[in-house]
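To start, the structure under review is shown below, and the notes come after it.
Spelled out as structure tokens, the structure:
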């Protein structure tokens with residue numbers, strides 16, 4: 001088995017690196033990758049991004065959002081989470097066989113003290129009945145990668161807020177995440193691993209996976225990436241994982257219904273969104289205004305459905321003409 005430890009703490013760079021190695025490198029043995037990242041949300045290939053994330057919370061807390069090529073549900077990562085990825089030839093692996101893919105990780109965790117860790121359901125790993133890992137797969141050509149999370153010491157309070165969409169109605173055909181009871185791994189590891197950060201945990205896992213006492217003993221198994229390859233990875237980062245069209249624009253068409261009662265009246269807003277672009281907006285309610293609200297509705301058509309673009313439209317009009325006594329900030333919070 002070969003291995004590569006990613007130097008970046010940006011999920012978009014890490015996914016770009018994973019993709020490059022899978023698409024462009026050939027190995028005569030399986031490849032295992034390890035990476036970690038600053039606070040981020042990664043949605044599955046077939047999901048509606050807006051339906052999975054609490055956009056206001058992630059904007060306020062500078063949480064990165066991207067989309068991966070594999071299916072499955074949305075996950076939250078921070079610097080207390082370690083990601084792994086196995087890349088194998090299809091002749092040595094079967095798509096959908098998560099249990100076989102993650103079995104080396106389970107074995108290593110047992111050796112590190114988490115003896116109740118096991119594969120559960122389709123693609124999760126649990127310990128004492130609580131989820132600490134979710135996995136997903138992607139096939140390209142003759143290769144498959146299976147990647148997943150290992151929640152060592154993640155801020156669980158942020159998980160519930162970042163992935164908890166407010167109680168507005170969003171209807172789409174995107175695949176929705178199933179929320180599970182989650183836990184961190186650290187309390188289940190042996191005492192000697194209790195003080196490890198995610199880097200120390202990664203290195204300990206590598207030693208167990210390769211059955212060595214020192215990582216120097218497997219230097220010949222470490223993958224190297226050239227400067228020319230780094231430039232190609234940067235191109236993937238820019239054109240895919242840091243690209244709004246990929247992250248939001250590829251979401252299935254959906255309808256948003258947002259309703260709120262203000263002192264000056266109730267507004268019920270309906271937004272139809274296709275490819276991340278607003279296709280239609282309709283306002284209902286018992287609000288007052290001197291101008292026909294359809295004039296305002298038309299101004300939203302054709303813009304990206306995100307807070308920044310909504311704010312630009314609202315700032316360009318005298319909002320009191322449409323919603324008397326309701327200010328810009330209140331309308332923005334309603335729509336965004």
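Residue numbers (the UniProt record's numbering): 1 to 336. Quick reminder that beta carbons are idealized off the backbone N, C-alpha and C, glycines included.
Which residues bound the beta strand (DSSP E) around residue i?
i, result
"residue 149", "143-151"
"residue 5", "2-5"
"residue 333", "It is not in any beta strand (DSSP E) - residue 333 instead sits in the alpha helix (DSSP H) that spans 328-335."
"residue 136", "130-140"
"residue 89", "81-89"
"residue 282", "277-285"
"residue 33", "31-35"
Could you tell me which residues DSSP puts in a beta bridge with residue i?
i, result
"residue 76", "41"
"residue 65", "41"
"residue 118", "126"
"residue 262", "265"
"residue 221", "Beta-bridge pairing links residue 221 to no other residue."
"residue 293", "Answer is none; residue 293 lacks a bridge partner."
"residue 182", "131"
By the 10 Å Cβ neighbour count, where 16 or more other Cβ atoms means buried, how is residue i classified, buried or exposed?
i, result
"residue 55", "buried"
"residue 48", "buried"
"residue 73", "buried"
"residue 86", "buried"
"residue 141", "exposed"
"residue 4", "buried"
"residue 78", "buried"
"residue 301", "exposed"
"residue 147", "buried"
"residue 144", "buried"
"residue 344", "With the chain running from 1 to 336 in the structure shown, residue 344 is simply not present."
"residue 66", "buried"
"residue 117", "buried"
"residue 95", "exposed"
"residue 228", "exposed"
"residue 13", "buried"
"residue 70", "buried"
"residue 315", "exposed"
"residue 202", "buried"
"residue 35", "buried"
"residue 43", "buried"
"residue 251", "buried"
"residue 194", "exposed"
"residue 26", "exposed"
"residue 24", "exposed"
"residue 329", "exposed"
"residue 233", "buried"
"residue 114", "buried"
"residue 226", "exposed"
"residue 326", "buried"
"residue 236", "buried"
"residue 52", "buried"
"residue 213", "exposed"
"residue 37", "buried"
"residue 133", "buried"
"residue 199", "exposed"
What distance in whole Å lies between the Cβ atoms of residue j and residue i, which are believed to be in contact at a cut-off of 8 Å?
i, j, result
"residue 150", "residue 84", "7 Å"
"residue 123", "residue 98", "5 Å"
"residue 135", "residue 102", "6 Å"
"residue 1", "residue 30", "5 Å"
"residue 289", "residue 324", "6 Å"
"residue 331", "residue 319", "6 Å"
"residue 181", "residue 131", "7 Å"
"residue 76", "residue 127", "Incorrect: roughly 18 Å between the Cβ atoms, too far for contact."
For the alpha helix (DSSP H) containing residue i, name the first residue and the last one.
i, result
"residue 105", "98-111"
"residue 227", "227-236"
"residue 11", "11-24"
"residue 198", "198-210"
"residue 160", "156-162"
"residue 60", "55-60"
"residue 307", "307-315"
"residue 304", "Premise fails: residue 304 is in no alpha helix (DSSP H) and is neither H nor E."
"residue 52", "49-52"
Quick one: is the Cβ of residue i within less than 7 Å of any heavy atom of the ligand ADP?
i, result
"residue 306", "Looking at this structure, you won't find the ligand ADP or any other ligand, since it has none at all."
At a Cβ threshold of 8 Å, is residue i touching chain C?
i, result
"residue 206", "You won't find chain C in this structure, because it holds only one protein chain."
Segment contact flag, the segment 19-38 with the segment 242-253, C-beta cutoff 8 Å, min 3 pairs: Because the criterion of three Cβ pairs below 8 Å is not met, the segment 19-38 and the segment 242-253 do not touch.
Segment contact flag, the segment 266-282 with the segment 322-336, C-beta cutoff 8 Å, min 3 pairs: Output reads yes: the segment 322-336 touches the segment 266-282.
Contact the segment 263-273 vs the segment 60-75: 3+ CB pairs below 8 Å: Contact fails: fewer than three Cβ-Cβ distances are below 8 Å.
Cβ pair count under 8 Å reaching 3, the segment 102-117 against the segment 202-209: Here the segment 102-117 makes contact with the segment 202-209; the two share three or more CB pairs at distances below 8 Å.
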